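K.L.:
Take this structure, written in structure tokens, and hold onto it; I'll ask about it next.
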Amino acid sequence: MEGHPLGRIGPCEIWQARGTEVNSTIEHPTGYLLVLVTDGAGEYFEPSGTKELLKAGSAILGSPYHRFGYRSLGQMSVLKLWFDGPIFDTWSGAGVFSRLKPVVHMDHAGP
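Positions -2 to 108 (this note's numbering) are the ones given, in order, by the sequence shown.
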């Protein structure tokens, strides 16, 4: 990842799968992960049993030491972007990354 005093962004991955499960643990004390569902449907889950449906436009905002997973329900495509640094720690302190609500849904408002 490229360094900057405010933080670093990258790497970015595009993941496409059918019937696949991914388990994630953000091990770094300042690491964050955005998982954006770009197509299809899936399910978010945590070891505690929390589950939430994912669809195109859903985003998972993972924060340091967050354990979670996601699986495709049929076909699903996601964009994964890692980032870290002081600016994201500040955002986390302001509630942008909430373990109480790590999944947000953005509905398409186009024509």
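We put the CB at the ideal spot given by N, CA and C, even for glycine. Model, not experiment: these values are computed from the prediction.
1. Cβ atoms of V32 and G66: under 7 angstroms apart, would you say?
2. Can you give me the start and stop residues for the beta strand (DSSP E) that I23 sits inside?
3. Tell me where the alpha helix (DSSP H) around G90 begins and ends.
4. Out of D104, S55, H63, point me to the one whose CA is closest to A38's CA.
5. To the nearest angstrom, how far is the alpha carbon of H102 from that of D86?
6. Looking at C-alpha atoms only, which residue of E10, L58, T17, I84 is the closest neighbour of R96?
7. Which residues does DSSP list as the beta-bridge partners of E49?
8. Which of helix, strand or coil does DSSP assign to P99?
9. Which value, in whole angstroms, describes the spacing of the CA atoms of S45 and R64?
P.N.:
According to the data block:
1. No.
2. Here I23 belongs to no beta strand (DSSP E), and DSSP marks it neither H nor E.
3. Per DSSP, G90 belongs to the alpha helix (DSSP H) from 83 to 90.
4. Put simply, of D104, S55, H63 the residue whose alpha carbon is nearest the alpha carbon of A38 is S55.
5. Taking the straight line from one Cα to the other gives about 22 angstroms.
6. The shortest Cα separation from R96 among E10, L58, T17, I84 belongs to L58.
7. Its beta-bridge partners are Y41.
8. Three-state DSSP puts P99 in coil, outside helix and strand.
9. Rounded to whole angstroms, the separation of the alpha carbons of R64 and S45 is 10 angstroms.
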